[in-house]
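Chains as they are written, first to last, in UniProt numbering: chain A, 1 to 679; chain B, 1 to 679; chain C, 1 to 679.
The structure under discussion appears below in the form of structure tokens.
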Amino acid sequence: MINNKIKGFLYGADYNPDQWSEEIWMEDIRLMKIHRVNVVTLPVFSWAKLQPSENEFDFSWLDKIINLLYENGIYVNMATPTAAQPAWMSKKYPDITRTDIYGRKHKHGGRTNFCPNSPEYRRFSKTIAGKMAEHYKDNPAIVLWHVNNEYGAYCYCENCRQAFIKWLKNKYVTLENLNRCWYTSFWDHTIYDWDEIEVPSALTEILPGASGERDRTYFQSIAIDYRRFMSNSLLECFKGEAEEIRKYHKETPITTNIWSISPELDLFRWGEQCDIASWDSYPSIKDNPSIIAFRHDVVRGLKKGEPFLLMEQTPSQQNWQAYNAQKRPGVMRLLSYQCIAHGADGIMFFQWRQSLGACEKYHAAMVPHVGHENTRIGKELTQLGSELKSLQDKIIYSKIESKVAIIMDWPNWWGVEYSSGPSVDLTYIDRIMKYYRALYDLHISVDIVEPTADLSKYKIVIAPLLYMVSDDSIANIEKFVGHGGTLITTFFSGIVDENDIVRAGGYPGAFRELLGIWVEEVDALYPDMKNGIKVEKQLDENQKSYECKLICEVVHSENAVVLGTFTEDYYQGFPAITENVYGNGKAIYVATEPEDNLIKVLVEKYCAEKNIEPIIKTNADVEITRRVKDSNKYIFILNHSSSLQKILLGEKTYTDLLKGDILKNEVEIEPKGVLILMG
Amino acid sequence: MINNKIKGFLYGADYNPDQWSEEIWMEDIRLMKIHRVNVVTLPVFSWAKLQPSENEFDFSWLDKIINLLYENGIYVNMATPTAAQPAWMSKKYPDITRTDIYGRKHKHGGRTNFCPNSPEYRRFSKTIAGKMAEHYKDNPAIVLWHVNNEYGAYCYCENCRQAFIKWLKNKYVTLENLNRCWYTSFWDHTIYDWDEIEVPSALTEILPGASGERDRTYFQSIAIDYRRFMSNSLLECFKGEAEEIRKYHKETPITTNIWSISPELDLFRWGEQCDIASWDSYPSIKDNPSIIAFRHDVVRGLKKGEPFLLMEQTPSQQNWQAYNAQKRPGVMRLLSYQCIAHGADGIMFFQWRQSLGACEKYHAAMVPHVGHENTRIGKELTQLGSELKSLQDKIIYSKIESKVAIIMDWPNWWGVEYSSGPSVDLTYIDRIMKYYRALYDLHISVDIVEPTADLSKYKIVIAPLLYMVSDDSIANIEKFVGHGGTLITTFFSGIVDENDIVRAGGYPGAFRELLGIWVEEVDALYPDMKNGIKVEKQLDENQKSYECKLICEVVHSENAVVLGTFTEDYYQGFPAITENVYGNGKAIYVATEPEDNLIKVLVEKYCAEKNIEPIIKTNADVEITRRVKDSNKYIFILNHSSSLQKILLGEKTYTDLLKGDILKNEVEIEPKGVLILMG
Amino acid sequence: MINNKIKGFLYGADYNPDQWSEEIWMEDIRLMKIHRVNVVTLPVFSWAKLQPSENEFDFSWLDKIINLLYENGIYVNMATPTAAQPAWMSKKYPDITRTDIYGRKHKHGGRTNFCPNSPEYRRFSKTIAGKMAEHYKDNPAIVLWHVNNEYGAYCYCENCRQAFIKWLKNKYVTLENLNRCWYTSFWDHTIYDWDEIEVPSALTEILPGASGERDRTYFQSIAIDYRRFMSNSLLECFKGEAEEIRKYHKETPITTNIWSISPELDLFRWGEQCDIASWDSYPSIKDNPSIIAFRHDVVRGLKKGEPFLLMEQTPSQQNWQAYNAQKRPGVMRLLSYQCIAHGADGIMFFQWRQSLGACEKYHAAMVPHVGHENTRIGKELTQLGSELKSLQDKIIYSKIESKVAIIMDWPNWWGVEYSSGPSVDLTYIDRIMKYYRALYDLHISVDIVEPTADLSKYKIVIAPLLYMVSDDSIANIEKFVGHGGTLITTFFSGIVDENDIVRAGGYPGAFRELLGIWVEEVDALYPDMKNGIKVEKQLDENQKSYECKLICEVVHSENAVVLGTFTEDYYQGFPAITENVYGNGKAIYVATEPEDNLIKVLVEKYCAEKNIEPIIKTNADVEITRRVKDSNKYIFILNHSSSLQKILLGEKTYTDLLKGDILKNEVEIEPKGVLILMG
């Protein structure tokens with residue numbers, strides 16, 4: 001439970017009362033009650049108002065609105081305003097603003113325009129967090145602390161360079177060690193003095209890609225270390241504020257809202273520091289529901305399966321996409337339940353009342369510009385609020401139990417996408433999604449875990465494109481397979497260590513023995529090229545041929561059984577899919593990217609071997625998940641399609657939690673509809 | 001009349017005699033006479049020659065060529081050379097060169113590379129203008145003053161920041177007022193001291209778009225104010241020079257050549273300061289003639305319908321486009337007459353003699369590199385010069401009388417295209433062109449006016465995408481409709497005030513009562529999406545269905561009659577086109593972008609209601625306009641097509657002004673041909 | 001012969017022993033022997049190791065590996081390490097690092113990150129070259145010196161500005177002269193003091209194009225001079241090092257590896273300074289073999305036909321392309337022989353042993369990550385090494401004898417591609433390739449020469465798009481035709497002098513008399529446009545029509561015979577191809593870009609007139625070249641196709657040099673196969 005004060009789901013929004021008159025505040029209270037809002041986040045961007053000058057603090061207006069909210073039964077998710085420092089601060093302490101990857105020192109403007117290694121920023125952000133924590137130390141309205149907002153902007157200034165050197169000294173201790181791990185014998189890069197180190201930027205080792213393209217770098221090791229360092233620098237900012245808050249708020253959980261599943265931050269490290277995970281979900285209307293599901297599963301994984309909080313979503317329209325379509329009727333509710341279906345205990349929106357000015361004014365809000373509740377979206381929000389309230393604490397703190405895990409790793413992401421060769425299309429998340437989608441379509445739950453996670457509770461672990469692996473990760477994965485687990489991994493895996501140094505002696509390096517193969521060559525296909533895979537009977541009775549693309553490796557089986565072979569080109573007849581017995585388990589290798597159908601066949605086969613069954617076996621075009629608490633099981637059936645779907649439930653009897661009906665045999669679910677079955 | 005000295009059309013070119021020997025000057029005179037040139041513009045880029053060092057001025061060479069021209073009956077459009085300062089000046093006063101939006105201080109090079117707020121640039125540009133004015137104060141050759149050249153380059157330097165703050169103090173008086181109008185409660189942007197204000201740039205509030213994409217900004221209000229300020233800063237440069245000239249030249253008109261209908265300058269403000277409007281027309285050969293016509297109409301509108309001057313066009317080829325095709329035979333003449341047909345009293349070229357070096361050397365000129373007149377283009381130039389001369393003062397100072405106006409507004413343009421949401425395809429001019437094109441095809445004249453213009457002489461006013469409107473504009477438009485006018489406006493109109501602050505209380509904000517509707521939602525369609533409109537009998541007897549794209553709004557009629565409804569999606573059956581009676585007039589709303597056919601049906605219907613007839617009713621593929629002076633009417637028929645067109649004139653008798661024939665019944669017009677009918 | 005010490009082909013690779021333990025060195029020797037490696041290049045990137053601080057030099061490790069190599073019969077191509085200065089050097093002497101075209105001063109990182117005009121860089125690079133030369137002055141292992149690596153990066157710093165001004169003073173002597181040649185009367189650019197001159201950059205006169213687009217400039221003359229100056233500045237760096245080496249190594253040839261046939265360096269100037277030409281060939285797998293052949297011919301032309309050295313190619317995969325496909329079986333060998341077929345006496349690879357870290361680690365090497373020779377590629381390398389060894393000195397120092405030359409000129413390249421107009425598609429190398437390809441398909445050898453080269457040994461000279469020509473070049477070409485040669489040139493040729501100043505008096509300027517034509521207009525076609533050519537009987541008996549694109553000129557024949565006319569548009573019937581008798585020769589003009597078939601017809605006709613026969617007349621899809629030494633002729637037949645090809649040899653008897661067979665009548669050549677016929 002996020003906080004004992006709220007027994008059921010959190011339901012609310014970011015609230016910016018400082019944009020509105022007190023008259024409007026009263027109307028806000030009225031509308032919050034209509035929508036069943038029980039918590040609001042504030043004051044996310046009010047630093048300048050709370051601290052109008054260096055030694056002046058004014059919480060009076062904030063006291064007033066918090067009291068008003070609390071008197072009306074609405075709790076507060078207390079935000080520190082440190083994502084945007086006041087203009088006076090940037091002016092007086094110019095080292096606070098960011099220097100970008102092109103070496104351009106920014107001036108005041110925008111947001112997240114602070115250097116995480118600026119001593120002044122650190123000092124000011126801790127001070128305001130501490131002042132707020134002290135001021136509100138006994139305030140009963142507070143249920144959660146929300147530090148900063150959507151961390152993620154990197155800086156490349158001299159302060160960062162100094163801090164980077166310090167961080168490197170701590171990590172590598174000696175220059176000899178650093179030179180070896182950075183492979184500086186290449187291109188004369190030997191460092192003889194720590195002070196010779198520059199931050200990797202467009203002025204040194206990085207060629208930033210055009211919009212939508214990946215950055216290139218001369219030294220992956222340096223660039224990856226800078227990502228580690230920057231993720232950590234920002235995390236230090238978070239920790240600095242969290243420590244101040246904790247002095248006065250011993251029990252209240254502290255979080256920060258993650259802006260996306262993106263490469264800037266190593267989120268597993270952030271999960272360790274947050275008391276609960278929370279994030280902001282802004283899918284495009286062109287996103288398949290499975291990618292949204294995946295992102296929720298990642299966030300759930302940050303706290304090892306603990307319920308999380310959806311901190312922001314839009315009631316309907318976004319403003320910053322190229323084409324900002326309205327969410328069609330029912331979709332906001334459907335996506336909200338999808339989030340709960342993947343482990344959330346709260347649904348919140350950005351924002352409460354739609355701004356009248358600046359760049360987010362066309363982002364939908366719970367209260368639109370027209371100012372009243374009698375709109376399509378208003379009615380949907382009221383319905384959802386009422387339903388969540390009616391569920392009471394039923395689903396709260398229930399969890400998802402998965403027998404399958406997919407490995408995801410931020411340093412590997414960085415390693416893969418900084419790689420020069422073999423193919424610019426070798427994007428990491430897309431590769432993961434190929435396997436995630438197969439499980440999603442099979443209605444089998446999956447956890448997203450780090451390569452060093454405890455894998456003992458899983459029967460199958462899938463590690464797509466696990467290019468960069470530490471020795472610890474190798475040992476962990478070998479242990480998992482040795483103890484009877486099934487591992488599925490793919491092309492270009494096991495290649496390098498955590499410094500992006502190739503594990504010599506033949507690909508797939510780390511996994512050569514585990515997989516029982518030697519990969520002689522890694523061939524990259526142009527987007528207009530493809531090959532085929534002829535599969536063996538063990539995999540597909542009909543021995544059909546399937547297409548494959550992207551990468552084809554020239555594989556030699558050393559111990560492994562060949563389950564499929566290439567049908568074209570000079571590696572025709574060479575293995576494309578292999579299976580190797582290792583200890584009590586099996587390690588499967590997929591040396592190319594097969595079409596989705598074949599990945600599904602593959603995943604289904606190994607799940608069947610381990611008796612991993614779908615939650616409900618159905619061909620209907622629905623998403624199905626299950627949360628479990630004590631003996632209660634909550635099955636979520638979500639119809640993202642535009643047509644009615646029918647599902648055979650069989651003999652078992654379920655209660656429809658939302659409508660209260662008793663269900664059995666066949667159940668129908670309307671387009672964009674949601675069913676929560678208890679039973 | 002631009003100047004009494006020339007009774008007929010101005011005909012000539014930019015002339016750069018300082019690129020040529022005096023021997024060539026004599027040949028130039030010979031050729032000017034052949035082509036019937038009566039005016040040349042000079043010395044546009046000769047500052048370094050006129051002022052070789054800070055305190056040294058040399059007009060002797062200029063005197064010589066001006067005398068030579070005048071002796072040979074050729075007048076002078078006297079240009080100040082201030083669009084490109086001398087290298088010595090940039091070197092000695094480095095604050096003169098521009099700082100770009102990325103914060104990069106430029107060094108000497110290119111042109112329009114001056115900061116409009118540089119005190120040194122202001123001082124030097126006024127000095128040279130004043131010196132020239134004084135030196136030529138009694139010179140009879142001068143018929144026009146041409147200040148600078150193609151103003152439009154913005155600067156972002158510290159001088160500009162200081163000047164911006166001063167401008168803001170004058171506009172907003174108090175910081176409280178500025179904070180409110182800039183909506184700085186968003187993202188902690190409260191300004192406590194004027195000096196905290198930064199110019200909006202890539203280092204602060206702007207994300208410049210890649211080539212062809214729009215810039216994005218966090219604060220539309222600030223970015224729009226900077227455009228107002230920069231347009232005004234450049235206008236102050238113009239005014240500074242004009243004042244110096246006026247000291248010695250009381251009667252000669254002063255202009256500057258506008259480089260394009262582009263967003264940099266609020267041209268209506270420039271029209272107020274110029275004695276006559278003039279511009280440079282450089283269409284691509286892929287431009288439809290209607291967009292060229294539109295641009296001429298904009299320029300004519302800058303001086304409320306007074307005849308304007310085409311200051312530059314190319315005789316044939318341009319040099320700076322990707323593919324610089326030659327103008328096909330007849331096209332140069334046709335486009336020249338099109339310009340006259342839209343209100344010009346002079347046709348001039350860039351340039352007289354083709355340069356031998358630098359980046360414009362492959363831009364065609366009246367005298368090409370071969371150096372003589374016996375070329376295809378030379379002959380076309382001679383023919384045009386002769387024809388214009390033969391027309392004497394017949395068309396001069398005649399005007400276009402329009403009953404229809406289209407509203408165009410620069411701040412609205414800025415507001416629309418800085419908007420974050422709903423769609424990046426929401427470009428302003430393209431939206432205007434949808435309605436302009438319908439009138440163009442119907443052979444109905446149109447004026448382009450500001451929203452605060454006197455609308456009393458129009459029967460129909462069309463305001464496409466009038467997103468941003470001041471209270472004054474609202475009152476003006478309401479008055480127009482109240483007094484019996486017909487207003488047609490579209491989706492996403494009336495939304496914000498002049499600071500880009502939303503007019504709360506329901507879209508279309510400013511126009512909700514006028515239009516009798518409430519717009520609940522604004523949905524953005526991806527380029528591959530479309531909807532349909534089913535129209536009512538009042539609009540189209542056959543009640544056909546039409547396609548629509550781009551934006552579809554969810555509209556509720558409050559008082560309006562519904563003329564068309566959407567055929568698809570969740571707003572199927574909701575109003576797409578409405579008509580509302582207001583006072584003695586009507587206000588029509590089009591909540592999407594219909595296909596061209598439907599816009600034509602709509603425009604035709606409301607024109608018919610107001611008895612606005614085509615100049616000539618014909619299905620022929622021609623452009624038709626009319627200029628009127630006293631009792632004389634001059635009808636221009638322009639055949640932009642590649643086939644012969646036939647037009648029924650009916651019983652009325654006309655004189656063909658160019659050939660002298662008497663025309664009646666049917667007239668034929670050859671491909672690329674021109675007819676000017678008087679009668 | 002490159003060096004007497006090696007009688008046959010050089011065969012080896014770049015070797016970076018400092019990336020490896022001495023244990024690995026021993027394994028390297030074993031593998032080198034297997035692959036028949038006889039030379040390695042080192043130490044290309046070891047400056048930091050050789051000179052760990054300003055006054056400290058350490059050659060001990062290098063001595064050790066060189067001795068080891070030499071003891072095992074492997075020679076050394078001794079490289080100076082000056083392409084990447086040590087980090088300590090950049091730190092201590094920050095003026096060494098580059099300033100880019102955007103004015104951004106770089107910090108240490110990457111490679112070729114040095115300013116060629118930095119006095120410190122010049123001093124340090126000469127010192128290390130001198131120290132190495134002295135240290136190894138009697139070392140018998142050295143067969144070649146390799147200065148720096150892939151020169152080509154430009155700098156735009158203040159040191160460069162000062163050096164540029166000095167260079168300009170030397171070139172132009174007076175400012176009057178400079179102003180005239182730069183055409184500074186345009187846009188007020190008159191320079192009154194040398195110090196007013198700025199380097200042409202994005203802050204002054206250049207608009208850098210997006211990736212893949214050309215840069216634009218306001219002043220071509222300045223931008224071209226800066227290219228001349230930069231090419232020369234880098235060449236001065238080369239010469240500085242070469243002088244130091246020459247002090248101790250009187251006989252050993254000195255080279256630098258050219259990175260590509262690219263516009264940065266005027267390679268003919270570099271050819272003058274290098275003792276042998278060498279380059280790095282990195283074709284994409286999508287490149288047609290003819291473009292690779294062309295590049296080899298260019299390199300051979302740099303030393304007027306002397307054998308050259310392929311310094312780098314990849315054994316299979318590259319790393320820096322978007323999609324890095326493996327070279328298919330046989331392709332590495334085929335491309336190696338293609339290089340020899342075009343005049344190379346050595347085949348070397350980048351690199352010997354594949355790096356484990358940094359950005360080139362996925363670039364293939366002779367020893368891959370697996371570390372042994374038992375791979376597909378390993379076997380191909382062994383086969384090639386053995387074959388080359390078996391050829392002994394047979395082909396060494398034989399030459400290609402061409403009767404046809406194609407003119408290529410770097411300043412012209414710069415002039416063409418900086419040109420503003422007529423078409424952005426007017427790329428230089430693509431135009432050359434149209435004619436090169438025709439000769440390639442006809443199996444006729446061609447030399448690539450400068451316009452001022454001795455043309456007397458050629459019967460046909462083709463000068464595609466020779467836009468910019470000096471007076472000397474004109475005289476040289478006129479002399480060639482006057483003495484009986486045949487010249488073929490194309491549209492937009494002869495237009496400007498070496499300063500990009502138009503030769504007034506009618507296009508094609510320099511060549512008007514030679515070609516007997518006047519070009520009145522140059523029309524640019526959009527990519528979706530085309531015209532046609534109807535040819536006369538002299539050119540094609542069937543008088544077929546062919547397509548043409550890109551540029552169509554309006555041509556008037558003054559003395560020339562018309563061989564083809566345009567079929568469309570307003571220049572229908574005007575000449576498209578003309579032939580003019582001049583002295584004892586002929587000058588042919590092609591006023592557009594015809595389809596490949598017509599270019600082949602044209603080239604074939606004029607070759608036939610001059611009795612220039614194919615090496616072997618065959619329709620088979622093969623490449624054929626011939627090298628000649630004394631009375632020996634070596635014919636290379638290369639099958640780049642994927643199918644077996646059959647060639648009729650006729651009665652003549654040949655020896656298959658690789659297999660030793662005697663061949664006559666018909667010979668078969670397998671896909672990717674190579675035949676070397678002696679006879």
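Each residue gets a CB set at the ideal place from its N, CA and C atoms; glycine is no exception.
Give me, in chain order, the residues of the same chain whose beta-carbon lies closer than 6 Å to that of I647 (chain B); leave out the 5 immediate sequence neighbours on both sides.
Residue numbering aside, residue 647 (chain B) sits at position 647 when the second sequence is read from its first letter. T618, A620, V667.
For D100 (chain B), tell me which candidate among B:M89, B:E568, B:S402, B:N113 has the shortest Cα-Cα distance.
One-based indexing of the second sequence puts residue 100 (chain B) at position 100. D100 (chain B) has its Cα closest to that of B:N113, out of B:M89, B:E568, B:S402, B:N113.
Taking only beta-carbon positions, decide if K361 (chain B) is within less than 9 Å of chain C.
Here residue 361 (chain B) refers to the residue found at position 361 of the second sequence. Cβ-Cβ to chain C under 9 Å: yes for K361 (chain B).
May I ask you to verify whether the region 365–379 of chain A touches the region 415–425 of chain A, counting CB pairs closer than 8 Å and requiring at least 3?
In short, these stretches do not touch, since the Cβ pair count stays below three.
Within 9 Å of any Cβ in chain A, is that where the Cβ of G573 (chain C) sits?
The residue you call residue 573 (chain C) lines up with position 573 of the third sequence. No - not a single Cβ of chain A is within 9 Å of the one on G573 (chain C).
Report the neighbours of D138 (chain B) on chain C: residues whose CB is nearer than 9 Å to its CB, in chain order.
The residue labelled residue 138 (chain B) in the question sits at position 138 within the second sequence. Under the 9 Å cutoff, chain C gives no residues; its nearest Cβ is about 27 Å from D138 (chain B).
Would you be able to state if there are at least three C-beta pairs under 8 Å between the region 672–679 of chain B and the region 329–338 of chain C?
At 8 Å Cβ cutoff, the stretches do not touch.
Relative to the C-alpha of Q317 (chain A), which candidate in A:F349, A:H363, A:P289 has its C-alpha closest?
On the first sequence, position 317 is the one that residue 317 (chain A) refers to. The shortest Cα separation from Q317 (chain A) among A:F349, A:H363, A:P289 belongs to A:H363.
Going straight from the alpha carbon of T376 (chain C) to that of Y467 (chain C), what length do you get?
Residue mapping note: residue 376 (chain C) aligns to position 376 of the third sequence, counting from 1. Residue mapping note: residue 467 (chain C) aligns to position 467 of the third sequence, counting from 1. Checking the sequence, you will find Arg at residue 376 (chain C) rather than Thr. Near 48 Å, if we compare the C-alpha coordinates of Y467 (chain C) and R376 (chain C).
Look at the Cβ atom of K137 (chain C), then the Cβ atom of Y226 (chain C), and state whether they are nearer than 9 Å.
Locating residue 137 (chain C) in the third sequence gives position 137, where the first residue counts as 1. Locating residue 226 (chain C) in the third sequence gives position 226, where the first residue counts as 1. Contact: no.
Per the DSSP calculation, W367 (chain A) is bridged to which residue(s)?
Here residue 367 (chain A) corresponds to residue number 367 of the first sequence, with the count starting at 1. Residue identity check: residue 367 (chain A) is Val in the sequence provided, not Trp. BP columns for V367 (chain A) point to A:R353.
Measure the beta-carbon distance from S185 (chain A) to D14 (chain C) and round it to whole angstroms, keeping in mind my assumption that it falls under 8 Å.
Along the first sequence, one-based indexing puts residue 185 (chain A) at 185. Along the third sequence, one-based indexing puts residue 14 (chain C) at 14. Incorrect: roughly 14 Å between the Cβ atoms, too far for contact.
If you draw a straight line from the alpha carbon of C115 (chain A) to that of T97 (chain A), how long is it in whole angstroms?
Position 115 of the first sequence, counted from the first residue, corresponds to residue 115 (chain A). Position 97 of the first sequence, counted from the first residue, corresponds to residue 97 (chain A). So the alpha carbons of these two residues sit roughly 6 Å apart.
From A560 (chain B) to I577 (chain B), what distance separates their C-alpha atoms?
Reading the second sequence from its first residue, position 560 is the one you call residue 560 (chain B). Reading the second sequence from its first residue, position 577 is the one you call residue 577 (chain B). Cα to Cα, the separation comes out at about 9 Å.
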